[in-house]
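A quick write-up on the structure given underneath.
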Amino acid sequence: MDMFLVGGGRIKVTPISTRNTNVTTMPEPTLTTPVNFTLQCSLDQNIATQTCPASNPEKSQPSKDDPETCPDYFRLIIKGGRVYVQQYKKSFQTRDVFTIWGIVQLLRMYPGQVPDLELLFMCDDLPEIWRRDYRPRPGVNVTWPPPPLFHYCGHSGAFDIVFPDWSFWGWPEINIREWNKMLEAISEGIKKVKWEEREPYAYWKGNARVGKRRDLMNCHDPMVHLYRQPFYFDFFTRSLVPMEHYWPIRPREKCSDIVFAVHWGNNNTKKAKAIGRNGSGYIRKNLKMKYVYDYMLHLLQSYGKLMKMNVEVPQGAKEVCPETMACPINGGRMRQSMDDSLVMSPSVKAACEMPPPFEEDELKRFLEKKESIEKEVEKWTNEYWEEQKKILKH
1 MDMFLVGGGR
11 IKVTPISTRN
21 TNVTTMPEPT
31 LTTPVNFTLQ
41 CSLDQNIATQ
51 TCPASNPEKS
61 QPSKDDPETC
71 PDYFRLIIKG
81 GRVYVQQYKK
91 SFQTRDVFTI
101 WGIVQLLRMY
111 PGQVPDLELL
121 FMCDDLPEIW
131 RRDYRPRPGV
141 NVTWPPPPLF
151 HYCGHSGAFD
161 IVFPDWSFWG
171 WPEINIREWN
181 KMLEAISEGI
191 KKVKWEEREP
201 YAYWKGNARV
211 GKRRDLMNCH
221 DPMVHLYRQP
231 FYFDFFTRSL
241 VPMEHYWPIR
251 PREKCSDIVF
261 AVHWGNNNTK
271 KAKAIGRNGS
281 GYIRKNLKMK
291 YVYDYMLHLL
301 QSYGKLMKMN
311 VEVPQGAKEV
321 CPETMACPIN
331 GGRMRQSMDD
341 SLVMSPSVKA
351 ACEMPPPFEE
361 DELKRFLEKK
371 ESIEKEVEKW
381 TNEYWEEQKK
391 ILKH
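With the UniProt record's numbering as the guide, the letters of the sequence shown map in order to residues 1 to 394.
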């Protein structure tokens, strides 16, 4: 099933789960001698004159007292603390720039904790390494294991390694600011209109020309603005529960399901408000920027442990750092996003600890629970439309 969100956030489905649903909030430890990072820009803003600092920050020693537990969406999956990039093809807009920028900020957040590694990252929309291409087939020589490829989204039928997308550090082309600023804006926006005073329709804003969204434009009800999520998932979505955080939508029944969702929400305002509150609360609680960095750290540390090759800087690769990326940019949204998301000092708190993985029977029960809720919503929807048919006959 796809999902219809009644209030705030982005939601999709993932087959990889851990069982923690409670994030413990601990008091900030005291840092007696905080370390501050600054951009060391040269007076000449020409990119060719910008160089990275000769020395890296020393390995940080964040407090490990009462460590937090990672939110449910975390899953364990980086020579010398410096970043080098060899680009094969320019990505759409600034996806590549802000993905690289995010990794550079991770090294400032947790200096000395990201191991030497080499990875390949693809900035397109859809997964690339499909499971079907690596299944044994008569007469076909299948290479195993599949190549590791980092990507923004995953799919149950793909091997792509899911990584936070570029927009956490800003998407200047459409005026989306870095994630902390966005969270503030979302919190303020929620306060502007009471739930009971909101317009009684669903709303979706996005690119309708993307292949799987084109058919949404065939939903003709003028009071239904469309919102759809495909089968692809982000790194943070595995513990979302239908009717607790979102309203599920069947991919082949999008229009009718959305119409009923709006009808149900308008006639069950308290329950709809609770779903919206839970969805927004999940984002505020479990998707703090520190947890995004913690996921990246766990992922890259685990990936680095699997590398058996000696990591060397390839010919043609260029070193990147905040100075080479931000200093040549004189103002504008792109520089603003970088300034806003610049990590100014190492974290005084250690990365959160991973919760234990699901036991097989626990995961089975969790997935069965979600499926049962989806079937119940499907039953309500079908009953509603059967009733509408009877009304039309009379």
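Heads up, the beta-carbon is just placed ideally off N, CA and C, and yes, glycines get one too.
DSSP places residue 84 within a strand segment (E or B) once states are collapsed to three. The Cβ atoms of residue 170 and residue 337 lie closer than 8 angstroms to each other. Per DSSP, residue 173 lies in no beta strand (DSSP E) and is assigned neither H nor E. Take the alpha-carbon of residue 198 and the one of residue 385: they are about 25 angstroms apart.
Going by beta carbons, residue 328 and residue 39 fall outside the 8 angstroms limit. Taken through DSSP and simplified to helix, strand or coil, residue 233 comes out as strand. The beta carbon of residue 360 sits closer than 6 angstroms to no other beta carbon from its chain once the five residues preceding and following it are set aside.
In the DSSP assignment, residue 186 forms no beta bridge with any residue. Taking every protein chain shown into account, the CB of residue 124 has fewer than 16 other CB atoms within 10 angstroms, so this residue is exposed. Under DSSP, the beta-bridge partners assigned to residue 319 are 84. Of the candidates 319, 162, 280 and 134, 280 places its Cα closest to the Cα of residue 191. Per the coordinates, the alpha-carbon of residue 59 lies some 7 angstroms from the alpha-carbon of residue 110. The beta carbon of residue 257 sits closer than 6 angstroms to those of 249, 250 and 381, all from its chain and outside the five residues before and after it, given in chain order. A distance below 8 angstroms between beta-carbons, with the five flanking residues on each side excluded, links residue 296 to the following residues of its chain, in chain order: 102, 103, 106, 163 and 164. With contacts defined by Cβ atoms closer than 8 angstroms, residue 151 and residue 127 form a contacting pair. C-alpha of residue 181 to C-alpha of residue 344: approximately 16 angstroms in a straight line.
Taking the Cα of residue 303 as reference, the smallest distance to any Cα among 100, 43 and 118 is reached at 118. In summary, residue 309 is exposed, with fewer than 16 beta-carbon neighbours lying within 10 Å of its beta-carbon over all protein chains present. For residue 340, the CB contacts under 8 angstroms within the same chain, skipping 5 residues up- and downstream, are 170, 177, 178, 180 and 181 in chain order.
Contact between residue 115 and residue 129 does not hold, since their C-beta atoms are separated by about 23 angstroms, which reaches or exceeds 8 angstroms. Counting only the Cα atoms, residue 120 lies some 10 angstroms from residue 87. In this structure, DSSP gives residue 351 a state outside helix and strand, which the three-state scheme calls coil.
DSSP places residue 275 inside the alpha helix (DSSP H), whose first and last residues are 269-286. Selection 54, 52 and 168 evaluated against residue 96 yields 168 as nearest (Cα-Cα). By the neighbour-count criterion, in which 16 or more other beta carbons inside 10 Å mark a residue as buried, residue 166 falls on the buried side. Across the set 159, 53 and 140, the C-alpha of 53 shows the shortest separation from the C-alpha of residue 324. Less than 8 angstroms separates the beta-carbon of residue 82 from that of residue 319. Selection 375, 305 and 283 evaluated against residue 185 yields 283 as nearest (Cα-Cα).
In this structure, the straight-line span from the alpha carbon of residue 85 to that of residue 174 is close to 26 angstroms.
Excluding sequence positions up to five before and after residue 263, its CB lies within less than 8 angstroms of the CB of 384, all in the same chain and listed in chain order.
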